[in-house]
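Chains as they are written, first to last, in full-length UniProt numbering: chain U, 1 to 378; chain X, 1 to 378.
Every residue, glycine too, gets a C-beta built ideally from N, C-alpha and C.
Fair warning: this is a prediction, and the values are worked out from it, not measured in the lab.
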């Protein structure tokens with residue numbers, strides 16, 4: 001389901017542009033990964049979109065001047081009419097009321113069915129702007145320009161868009177694929193340290209669930225990665241996007257169960273985030289802890305050996321990610337896990353590793369084993 | 001693209017259930033048309049949906065007790081957990097805030113990805129509940145149970161769902177196909193006369209755009225129809241749904257231009273509705289007037305002869321529909337028509353008849369011809 005361009009050389013990372021294709025029939029698109037490529041954006045967008053006369057750049061107040069303005073300028077240079085809207089930073093912007101405000105701005109800016117949304121920001125912007133693109137006149141095209149490592153390797157790829165209800169995250173949305181994902185690692189130069197490290201949580205996840213060779217590469221190259229050496233960063237992003245593109249190409253709408261493997265560590269992570277209060281941990285940090293809990297649960301269920309947990313622990317720790325969470329509260333987490341969107345008829349289901357590079361969906365897991373796995377990760 | 005069951009006998013309408021299939025690959029579904037069939041609803045729903053353990057009936061305060069409660073009871077009889085929500089009647093319920101309220105109610109009722117929405121009402125309910133179904137956890141299944149003639153022959157079929165922005169109708173939504181459309185003509189017994197007649201505007205439209213035989217049948221049988229004789233009503237609904245299913249099967253997402261033929265009379269009608277103030281005319285009445293304007297424009301552009309207009313005028317008039325609108329204001333209508341969703345780059349485009357049963361999409365129409373067509377319909 002995945003095609004790699006010849007300039008993507010996995011065992012010897014290259015600084016050239018890498019293209020990963022997401023194969024979804026008439027909804028296929030390319031993820032470009034490169035550095036310092038702002039000047040190439042407009043022509044790449046034009047090539048991906050065909051006709052484009054009106055673009056709405058939707059961005060985050062925090063990255064507006066740093067990154068969105070430059071991209072808007074590039075589009076204007078090739079004769080595109082560009083409007084720009086900056087959403088307040090942070091998760092509260094994924095609200096129904098911000099969604100309505102954004103749609104009214106789109107209408108006022110003269111958008112029609114041929115207009116294109118360009119989302120420049122982290123996961124909040126991609127999710128919100130993507131759902132607005134999915135819904136405006138029942139769907140217009142959009143481009144993802146992720147500016148956080150987490151968004152680059154996870155939320156910008158695969159077409160999940162959405163907003164929150166006051167009591168439930170990502171409860172409202174659409175599967176709506178972008179026409180192009182444009183990753184410029186240059187933007188990571190202004191990303192705070194903790195955000196960058198958090199993104200590595202999802203990167204390591206891909207090694208565990210799908211790609212043993214990549215896991216080994218991470219074990220050998222974590223130092224280059226946390227030093228943000230560009231070739232290593234580009235390689236890790238490309239390899240992560242490759243795994244995600246593979247899975248999404250096989251199960252776009254999460255119907256076959258295949259796409260669920262991306263949720264390794266996430267059932268625990270969502271419960272940690274909900275019970276610890278959103279904001280206490282960054283998402284990638286919660287995922288790292290969740291992966292530790294999931295690996296312990298797998299050992300308990302005799303699906304894998306201790307060595308897997310040891311390697312995962314070492315890699316997470318080397319990258320500066322948390323491997324335990326002192327405040328984890330099993331009694332509070334359990335009811336949250338039972339309300340998870342992926343739950344079937346109230347039964348606990350987990351994505352659990354069998355070896356590095358391979359996971360299984362395990363249904364009807366005993367509660368006491370889950371509680372044990374949580375308590376061992378405190 | 002359309003299959004008719006053997007019990008659908010067009011030249012001799014039957015009181016038996018008629019099934020019209022909408023062919024959309026893995027999104028195909030059946031429209032059942034019959035009378036007094038409430039007791040059969042639960043088993044039909046089960047057959048169409050497969051597993052169904054939780055249903056959310058979303059209805060209109062005006063039809064809740066009359067029709068929705070009975071259907072909910074039938075579902076409960078077969079062991080389905082049913083929750084019910086009645087939305088205030090009228091177009092204002094298609095707001096973003098009502099959408100959010102509905103989604104929060106769905107979450108509170110314990111809905112998950114296997115839950116099913118059953119929309120019992122007219123176009124407002126189908127559009128709102130359909131978009132809520134499309135968006136809740138990025139899409140759950142839904143069933144349309146239209147209770148107005150207009151919804152039966154138009155909005156319940158074809159997957160267009162959506163809500164309004166304060167300044168623009170149907171600007172936000174999704175293409176989301178139902179799993180089943182359940183039409184029970186018994187519910188028309190409580191439909192006010194003006195609503196019923198309004199629905200006939202859309203029925204006659206299908207004759208003009210797609211089905212000359214049906215138009216002739218209408219010319220011969222309009223009296224039975226306005227008397228609400230059940231066989232005639234079932235036949236007219238089935239034939240209308242057949243036309244719509246054909247068109248939707250060929251162009252689900254309005255991308256090829258084929259689906260645009262359904263908008264015969266509608267570019268004028270939307271402008272009439274917007275400038276006359278929503279509520280002055282019912283939608284089918286505005287469509288009838290819009291069809292008169294479109295036929296006059298077609299004559300002006302030498303696409304068809306006077307006879308088409310004469311036959312259309314006579315049929316509309318026999319059915320009790322308006323054929324002129326005294327307050328039509330061409331100067332006010334023109335700017336609205338230029339903002340229409342179907343406009344390409346600000347150019348006026350119309351669906352215009354060439355003969356009874358056949359229409360063309362005509363682009364770049366001269367404004368003065370449009371103004372003439374409006375002024376002749378006052």
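Specify whether the segment 143 to 163 of chain U and the segment 116 to 124 of chain X touch according to this definition: at least 3 beta carbon pairs, one from each stretch, less than 8 angstroms apart. no
Contact residues within the segment 132 to 157 of chain U, judged by C-beta distance below 9 angstroms to chain X: 132, 134, 135, 136, 137, 138 and 139
Residues of chain U with CB under 7 angstroms from residue 168 of chain X, in chain order? 107
Counting only C-beta atoms, is residue 253 of chain U closer than 9 angstroms to chain X at any point? yes
Roughly how many angstroms separate the alpha carbons of residue 17 of chain X and residue 24 of chain X, rounded to a whole number? Straight through space, the alpha carbons of residue 24 of chain X and residue 17 of chain X are spaced by roughly 22 angstroms.
Is it right to say residue 335 of chain U is buried, meaning 16 or more other beta carbons lie within 10 angstroms of its own, or is it exposed? exposed
Contact between the segment 175 to 192 of chain U and the segment 135 to 154 of chain U: three or more CB pairs below 8 angstroms? yes
Given that residue 174 of chain X touches chain U, what residues does it touch there, using C-beta distances under 8 angstroms? Residues of chain U passing the Cβ test: 134, 135, 138, 139 and 174.
Can you tell me where the alpha helix (DSSP H) holding residue 24 of chain X begins and where it ends? Per DSSP, residue 24 of chain X belongs to no alpha helix (DSSP H) and is neither H nor E.
Under 8 angstroms by beta carbon: chain X residues contacting residue 250 of chain U: Under the 8 angstroms cutoff, chain X gives no residues; its nearest Cβ is about 16 angstroms from residue 250 of chain U.
Excluding sequence positions up to five away, which residues of its chain have a Cβ less than 6 angstroms from the Cβ of residue 311 of chain U? none
Quick one: list the residues of chain U neighbouring residue 100 of chain X, beta-carbon separation under 7 angstroms, in chain order. 96
Residue 49 of chain X: contacting residues in chain U (beta-carbon distance under 9 angstroms): Residues of chain U passing the Cβ test: none, with the nearest at roughly 15 angstroms.
Against chain X, with Cβ distances strictly below 9 angstroms, would residue 312 of chain U count as a contact? Under the Cβ criterion of 9 angstroms, residue 312 of chain U is not counted among the residues facing chain X.
Limits of the beta strand (DSSP E) - the one that residue 354 of chain X falls within: 350 to 355
Less than 8 angstroms between the CB atoms is what I'm expecting for residue 134 of chain U and residue 176 of chain U, so what's the real figure, rounded? 3 angstroms
Does the segment 251 to 271 of chain X come into contact with the segment 57 to 65 of chain X, if we say contact requires no fewer than three beta-carbon pairs (one atom in each stretch) closer than 8 angstroms? no
Secondary structure of residue 337 of chain X, DSSP reduced to three states: helix
Start-to-end residues for the beta strand (DSSP E) that takes in residue 39 of chain X: Run containing residue 39 of chain X: none; DSSP gives neither H nor E here.
Output the distance between the C-alpha atoms of residue 288 of chain U and residue 195 of chain U, rounded to the nearest integer angstrom. Here the alpha carbons of residue 195 of chain U and residue 288 of chain U stand approximately 13 angstroms from one another.
Quick test of your reading: residue 338 of chain X and residue 364 of chain X, contact by CB under 8 angstroms. State the CB separation rounded to the nearest angstrom. Not confirmed; about 12 angstroms, so no contact.
Establish whether the CB of residue 56 of chain U and some CB of chain X are separated by less than 9 angstroms. no
Whole angstroms is fine: what's the gap from residue 246 of chain X's alpha carbon to residue 171 of chain U's? 34 angstroms
Which of the three DSSP states, helix, strand or coil, is assigned to residue 365 of chain U? coil
Below-9 angstroms beta-carbon distance, residue 330 of chain U vs any chain X residue: No, its Cβ sits nowhere closer than 9 angstroms to a Cβ of chain X.
Within this structure, are the beta carbons of residue 192 of chain X and residue 264 of chain X separated by less than 9 angstroms? no
List, in order along the chain, the chain U residues whose C-beta lies closer than 7 angstroms to that of residue 162 of chain X? 138
Start and end residues, beta strand (DSSP E) containing residue 464 of chain U: This structure leaves residue 464 of chain U out entirely; chain U is present only between 1 and 378.
Determine, for residue 337 of chain U, whether the minimum Cβ-Cβ distance to residues of chain X falls below 9 angstroms. no
Using a cut-off of 8 angstroms between C-beta atoms, extract the partners of residue 171 of chain U located in chain X. 103, 107, 136 and 137
Backbone CA spacing between residue 248 of chain X and residue 157 of chain X [nearest angstrom]: 9 angstroms
Does the pairing of the segment 37 to 54 of chain X with the segment 71 to 81 of chain X give three or more beta-carbon distances under 8 angstroms? yes
From residue 14 of chain U to residue 269 of chain X, what does the alpha carbon distance come to, in whole angstroms? For residue 14 of chain U, the predicted model reports a pLDDT of 40, less than 50, meaning its position is unreliable; a value from the coordinates is still stated below. Cα to Cα, residue 14 of chain U sits roughly 59 angstroms from residue 269 of chain X.
Kindly indicate which residue of X/222, X/375, X/231 and X/179 has the alpha-carbon position closest to the one of residue 327 of chain X. X/375
Return the chain-ordered list of same chain residues with a C-beta closer than 7 angstroms to the C-beta of residue 350 of chain X, the five sequence neighbours on each side being excluded. 267, 294, 297, 362 and 365
Please name the residue, chosen from U/318, U/368, U/271 and U/319, that lies closest to residue 325 of chain U on a Cα-to-Cα basis. U/271
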